[in-house]
Amino acid sequence: MTAATAEKKIPVLTIDGPSGSGKGTIAARVADALGWHLLDSGALYRAVGYAASMAGLDLSDTEAVTRCAETTKITFRDPKDGGETRVYVNSHDATADIRTETCGAAASAIAAIPSVRTALFEKQRSFRKAPGLVADGRDMGTVIFPDAGTKVFLTASAEERAKRRYKQLKDKGLSVTLSSLLREIEARDVRDASRAVAPLKPAADAVLIDSTGMPIDEVVAKVLELVRS
Ligand code: C5P
């Protein structure tokens with residue numbers, strides 16, 4: 059068996075959807091239940107956005123930002139190795155830094171640059187390791203793992219997503235308003251769905267789950283049922 063054929067045999071579950079749809083939480087819970095690896099692809103884009111901002115780059119300078127995506131060392135501590143996921147950018151623990159709204163907006167801006175997406179392509183594919191991978195993001199089922207065995211597209215209304223985000227940020231002691239979060243979420247949705255390269259859209263073979271008003275446990279159970287069937 060060639061290495062490429064062996065890799066194709068490793069099962070992948072992709073969970074795509076807009077920001078705040080709960081993909082991150084659901085992906086982590088499902089990966090834990092299955093004992094599979096986890097790829098939070100949004101964290102990669104956030105890490106590049108963070109590195110570019112820290113370097114004082116103009117985010118519309120595609121050449122400089124692409125070089126930054128190619129050279130920034132991004133490493134994750136896999137939750138499979140114990141504890142929670144941590145994200146390191148050039149060896150600095152940037153786990154908290156990359157979660158701010160400013161960093162989310164920077165990630166969204168640099169993610170629209172095709173050469174940045176190319177720079178991160180192989181890195182994302184390298185997460186496919188036995189016994190399996192749960193990958194969450196925007197284009198996991200459409201571009202990165204088109205041959206994934208199970209694909210989920212998770213949505214929730216913009217109001218519900220803004221409320222969830224509001225609660226998360228408040229719990230972390232950050233000062234935000236619900237109306238500004240809703241505006242940012244709607245703006246990011248439009249940008250992510252309308253960009254020319256890898257726009258946010260469900261794969262043709264994805265199962266759509268609308269999690270508005272659905273408890274997390276119920277969504278996790280539904281996704282696990284899809285993987286196991
Ligand atoms: O999922 P998260 O909100 O952390 O992603 C941050 C940004 O990174 C998104 O708004 C999106 O623009 C970008 N992204 C992407 N493709 C992915 C994951 C994230 O373009 N697979």
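Sequence positions in the sequence shown follow the working numbering and run 59 to 287. For every residue, glycine included, the Cβ atom is placed at its ideal position computed from N, Cα and C.
Spatially closest choice to residue i from the options, by CA coordinates
i      : options                        : result
Leu96  : Lys280, Leu284, Arg183         : Arg183
Thr270 : Lys280, Glu218, Lys131, Lys187 : Glu218
Leu258 : Arg104, Leu212, Glu283, Thr143 : Leu212
Gly93  : Pro189, Ala164, Ala110, Ala127 : Pro189
Glu299 : Ala86, Ala109, Ala163, Tyr108  : The chain is shown only over 59 to 287; residue 299 falls outside these bounds and no answer can be derived.
Asp90  : Val234, Ser252, Val192         : Val192
Arg246 : Pro260, Gly78, Met112, Leu232  : Gly78
Arg175 : Glu244, Gly82, Arg104          : Arg104
Asn148 : Ala261, Val106, Glu242         : Val106
Asp275 : Glu65, Arg125, Gly80           : Gly80
Val123 : Ala110, Gly114, Val70          : Ala110
Leu284 : Ser118, Val88, Gly231, Glu65   : Val88
Glu242 : Met112, Ala216, Ser233, Arg144 : Ala216
Arg249 : Asp119, Arg144, Ala163         : Ala163
Val210 : Pro260, Val234, Ala127         : Pro260
Gly12  : Ser233, Leu232, Gly231, Arg222 : Nothing in the structure corresponds to residue 12, since the chain is present only between 59 and 287.
Cβ of residue i within 7 Å of any chain C Cβ
i      : result
Ala167 : Annotation note: the requested chain C is absent from the structure, which comprises a single protein chain.
Distance between residue j and residue i (C-alpha atoms, nearest Å)
i      : j      : result
Val265 : Val277 : 12 Å
Ile84  : Glu121 : 35 Å
Ser133 : Asp263 : A small fix is needed here, since residue 133 is Thr in this sequence, not Ser. Computed Cα separation, rounded: 31 Å.
Thr208 : Pro273 : 21 Å
Tyr146 : Ala154 : 10 Å
Ala165 : Ala62  : 31 Å
Ala177 : Thr158 : 23 Å
Asp151 : Cys161 : 15 Å
Arg135 : Arg186 : 15 Å
Ile267 : Tyr108 : 31 Å
Ile171 : Val255 : 8 Å
Ala220 : Leu282 : 26 Å
Lys280 : Ala214 : 15 Å
Ile168 : Glu180 : 17 Å
Glu244 : Thr129 : 31 Å
Lys131 : Arg125 : 12 Å
Ser252 : Asp116 : 22 Å
Ser287 : Lys67  : 17 Å
Ser173 : Ile156 : 21 Å
Ala64  : Val70  : 13 Å
Next on the checklist: Across the segment 224 to 231 and the segment 193 to 209, are there enough close Cβ pairs to call them in contact, namely three or more that are closer than 8 Å?
Outcome noted: Contact fails between the segment 224 to 231 and the segment 193 to 209, because fewer than three Cβ pairs, one in each stretch, are under 8 Å apart.
Next on the checklist: Between the segment 181 to 197 and the segment 66 to 74, can you find at least three pairs of beta-carbon atoms closer than 8 Å?
Outcome noted: Contact holds: three or more Cβ-Cβ distances are below 8 Å.
Checklist entry - Could you give the uninterrupted runs of the alpha helix (DSSP H) lying entirely in the segment 200 to 280, keeping only those of 4 residues or more? => result Complete alpha helix (DSSP H) runs here, min 4: 216 to 229, 236 to 252.
Checklist entry - Which runs of the alpha helix (DSSP H), 4 residues or longer, sit entirely within the segment 85 to 124? => result Correct list: 99 to 112.
Next on the checklist: With three or more beta-carbon pairs closer than 8 Å as the criterion, would you say the segment 236 to 243 touches the segment 100 to 110?
Outcome noted: Touching, no.
Item to check | Segments assigned alpha helix (DSSP H), at least 4 residues, entirely inside the segment 132 to 172 | outcome: Counting only runs of 4 or more, we get 159 to 168.
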